[in-house]
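Enquirer:
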Amino acid sequence: MPIGSMKRVTLEEICNMPSESVKGVTSEDIQQVENLIGQCLRKYMSPKQVVETLLSESKIEPEFTKIVWKKLEEHNAEFFKAYYTRVVLKQQIEQYNILLEKQKEIMDSQQNEVPLPPNSNGSHVSPSNENSESNSDQE
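Counting with UniProt numbering, you get residues 1 to 139 for the letters of the sequence shown.
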């Protein structure tokens with residue numbers, strides 16, 4: 001299900017919540033938060049990242065974001081089940097890339113520290129160079 005076709009949250013649902021952060025909320029407020037959440041969903045952010053992003057960038061109260069998120073989740077259970085799988089996959093890929101970069105750094109640092117072992121004839125020429133030299137002698 002595309003993000004744009006998700007079932008929306010109604011003002012009545014939000015106003016029936018026992019939270020102080022929903023007092024005086026309008027339909028426009030809910031729609032704005034839904035749209036901002038939608039932008040975050042396209043980036044595969046976790047719920048925590050969404051709450052932090054909406055607070056820092058749009059000054060949306062965390063409790064209000066959590067309420068709208070919860071209602072969207074209730075209305076679109078299948079979407080969010082697949083979404084959470086994608087979020088986990090994204091986090092695993094990011095972690096893999098970090099580990100890969102660390103491995104590259106270690107290998108680069110070791111390559112500069114460790115001299116090449118001498119060949120059986122005592123030279124430091126790589127085997128690929130030796131083969132190309134011997135092949136050119138045969139031609």
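C-beta: ideal position from N, C-alpha, C; glycine also.
Taking 7 Å as the cut-off, is the beta-carbon of V87 closer than that to any non-hydrogen atom of the ligand GTP?
Expert: Looking at this structure, you won't find the ligand GTP or any other ligand, since it has none at all.
Enquirer: Tell me which same chain residues have a C-beta within less than 8 Å of the C-beta of K66, skipping the five on either side of it?
Expert: Here the set comprises P47 and V51.
Enquirer: Within the same chain, show all residues whose beta-carbon is closer than 8 Å to that of M45, passing over the 5 residues directly before and after it, in chain order.
Expert: So the list reads T53 and V87, once near-sequence residues are dropped.
Enquirer: Taking the C-alpha atoms as reference points, what is the distance between A82 and S109?
Expert: Taking the straight line from one Cα to the other gives about 41 Å.
Enquirer: From the DSSP output, in three-state form, read off E139 for me.
Expert: Note on E139: pLDDT 49, under 50, position unreliable in the model; no value is reported.
Enquirer: May I have the straight-line CA-CA distance separating D69 from E94, to the nearest angstrom?
Expert: The identity of residue 69 in the sequence shown is Trp, whereas the question assumes Asp. If you take the alpha carbons of W69 and E94, they lie about 24 Å apart.
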